[in-house]
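So for the sequence shown, the working numbering puts the first residue at -19; every next one is plus one.
Only one structure is covered here, and it is reproduced in the block below.
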Amino acid sequence: MMDTIKPRLTEELQSIREAGLFKDERVIQSPQGTEITVSEKTVLNFCANNYLGLSNNPELITAAQEGLEMWGFGLSSVRFICGTQTIHKELEQKIAQFLQTDDTILYTSCYDANGGLFETVLGPEDAVISDQLNHASIID
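What follows is the structure, given as structure tokens:
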């Protein structure tokens, strides 16, 4: 099977490269921050979601370590299959109180949050006018 599919995939990858659409992976050799090390050079990181620079905050790292000790690492599946842990409900309640809303819901990514919003709020008769430079989660 590889004898059949490998040449086809190689050709497809070459077409993607020639079209300028191939994405090279950048290996980051340092913790995430405003400055990162890539290919042994220090560069500014303008593409991360770490807008507030909290990924290396000592207090948050300590809190995360405590959370790992208490809850372990990761969930078995999405909340609608395996359930929602109390720690997530507590955070949602605190966010709702802060925002003065009835409830909130946590999503694991902005992509999922946008999908959840559009699926909930929009119906078959609705239209969304979107710029081509919007995030893929809005365009999709």
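Just so it is clear, CB atoms sit at the ideal spot from N, CA and C, and this is done for glycine as well.
Does DSSP put Lys21 in a helix, in a strand, or in coil? In the structure shown, Lys21 sits in a strand (DSSP, three-state: E or B).
Indicate whether Gly96 and Ile109 have their beta-carbon atoms separated by less than 9 Å. Going by C-beta atoms, Gly96 is not nearer than 9 Å to Ile109.
What residue does the alpha helix (DSSP H) around Glu5 start on, and which one ends it? Here Glu5 belongs to no alpha helix (DSSP H), and DSSP marks it neither H nor E.
Where does Ile16 land, buried or exposed, given buried means 16+ other C-beta within 10 angstroms? Per the 10 Å Cβ criterion, buried.
Identify, in the order they occur along the chain, each residue of the same chain with its Cβ nearer than 6 Å to the Cβ of Thr22, setting aside the five sequence neighbours on each side. Closer than 6 Å at the Cβ level, and outside the excluded window around Thr22, lie Glu15.
On the DSSP bridge list, what partners appear for Glu15? Under DSSP, Glu15 shares a beta bridge with Leu24.
DSSP state of His68 mapped onto helix, strand, coil: Helix, per DSSP.
Could you give the C-beta distance for Asp83 and Glu72, rounded to a whole number, given that I count them as a contact under 8 Å? With 8 Å as the limit, Asp83 and Glu72 qualify as a contact, their Cβ atoms being about 7 Å apart.
Integer Cβ distance of Asn30 from Gln12, believed to fall under 8 Å: Correct: roughly 5 Å between the Cβ atoms.
Going by beta-carbon coordinates alone, are Leu55 and Gln65 separated by less than 9 Å? Result yes, Cβ atoms of Leu55 and Gln65 sit closer than 9 Å.
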